Amino acid sequence: MTIDRKLMRNGNGWALSINSTILGFLDVNPEKDMIRYTMENDKLIITKSDKKIPKK
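Numbering (the working numbering), first residue to last: 57 to 112.
So this is what it looks like as structure tokens:
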């Protein structure tokens with residue numbers, strides 16, 4: 057699957073919005089799960105992290 061998305065301004069940086077379909081494919085709950093960014097050969101790879109978001 058390939059999806060082209062534009063980046064959005066976020067303060068001094070840029071943000072990528074990940075829609076619910078992609079979160080579902082990754083089995084990510086954005087209120088509990090963290091994601092992991094990996095760079096390999098000029099590619100950004102996004103996977104579900106083993107770490108959880110700390111409870112407040």
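Note that CB positions come from ideal geometry on N, CA and C, so glycine has one too. These figures come from a predicted structure and were not determined experimentally.
- In the three-state reduction of the DSSP assignment, Ser-105 falls in the strand class, which pools E and B.
- When secondary structure is reduced to three states using DSSP, Thr-94 falls in the strand class.
- Residue state for Leu-82 is assigned as helix, using DSSP reduced to three classes.
- The C-alpha of Ile-101 lies about 21 Å from the C-alpha of Asn-66.
- Excluding the 5 residues flanking it on each side, Leu-82 has same chain C-beta neighbours closer than 6 Å at Lys-104, in chain order.
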